[in-house]
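Just below is one structure, and these are the notes that go with it.
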Amino acid sequence: MTDNDVAGLQRRLAEFAAARDWQPYHTPKNLAAALSVEAAELLEIFQWLTPEQAERVMDDPESAHRVADEVADVLAYLLQFCAVLGVDPLAALAAKIDRNEVRFPVRKRGAGRGERGEEGDSSRDRHSSE
Numbered sequence: 004m005t006d007n008d009v010a011g012l013q014r015r016l017a018e019f020a021a022a023r024d025w026q027p028y029h030t031p032k033n034l035a036a037a038l039s040v041e042a043a044e045l046l047e048i049f050q051w052l053t054p055e056q057a058e059r060v061m062d063d064p065e066s067a068h069r070v071a072d073e074v075a076d077v078l079a080y081l082l083q084f085c086a087v088l089g090v091d092p093l094a095a096l097a098a099k100i101d102r103n104e105v106r107f108p109v110r111k112r113g114a115g116r117g118e119r120g121e122e123g124d125s126s127r128d129r130h131s132s133e
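Letter by letter, the sequence shown follows residues 4 to 133 in the working numbering.
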């Protein structure tokens, strides 16, 4: 394993926290809260941008740096959260994709179907993370 695979990054994060005696604070609740805060900081970058501006946010070096930093913060807290609870994030994601492929099968759009391609009920077509 390298330092840039999931396990290597989790190990580096654990060592970083241990060297600073931060482990007592790395509870599931605290890590979930920190993850939420960091995700909100990522969202803040895009808060008042138009869709077109948001698509070009990485064109500006300062904005690109801010986005990359917030993505890193979100990922760091997510990996620490998973480590504390013993969740394999890649296995969890693969299982979620598998469930969503069954839950939300590809449907052909056709006559007599609702706006989202389903007869009578477009409410089932939700974002894949649900």
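Where a beta carbon is used, it is the ideal one built from N, C-alpha and C, also for glycine.
Keep in mind it's a predicted model, so treat the numbers as computed, not measured.
Going residue by residue through the segment 6–43, where are the continuous alpha helix (DSSP H) segments of at least 4 residues, counting only ones entirely within it? Restricting attention to alpha helix (DSSP H) runs no shorter than 4 residues, the segment 6–43 encloses them at 9–22, ordered along the chain.
With 16 other Cβ atoms within 10 Å as the buried cut-off, status of A67: Your numbering for residue 67 matches position 64 in the sequence shown. Looking at its Cβ environment, which holds fewer than 16 other Cβ atoms inside 10 Å, A67 is exposed.
Which of the three DSSP states is assigned to V90 in this structure? Reading the sequence shown from its first residue, position 87 is the one you call residue 90. Coil.
Looking at L88: is its Cβ nearer than 8 Å to the Cβ of L12? As a working mapping, residue 88 is identified with position 85 in the sequence shown. As a working mapping, residue 12 is identified with position 9 in the sequence shown. The Cβ atoms of L88 and L12 do not sit closer than 8 Å to each other.
Give the DSSP-derived three-state secondary structure of F107 in the structure shown. The residue you call residue 107 lines up with position 104 of the sequence shown. The three-state secondary structure of F107, taken from DSSP, is coil.
Q50 (DSSP reduced to helix, strand or coil): Stepping through the sequence shown from its first residue, residue 50 is reached at position 47. Three-state result, Q50: coil.
How big is the Cα-Cα spacing for L16 and K111? The residue given as residue 16 occupies position 13 in the sequence shown. The residue given as residue 111 occupies position 108 in the sequence shown. The straight-line gap from Cα to Cα measures roughly 45 Å.
Determine contact between the segment 40–47 and the segment 69–84, defined as no fewer than three beta-carbon pairs at a distance below 8 Å. Short answer: they touch.
Measure the C-alpha to C-alpha separation of A98 and D72 and round it to an integer number of angstroms. Looking up residue 98 in the sequence shown gives position 95. Looking up residue 72 in the sequence shown gives position 69. Looking at the two C-alpha atoms, the distance is approximately 28 Å.
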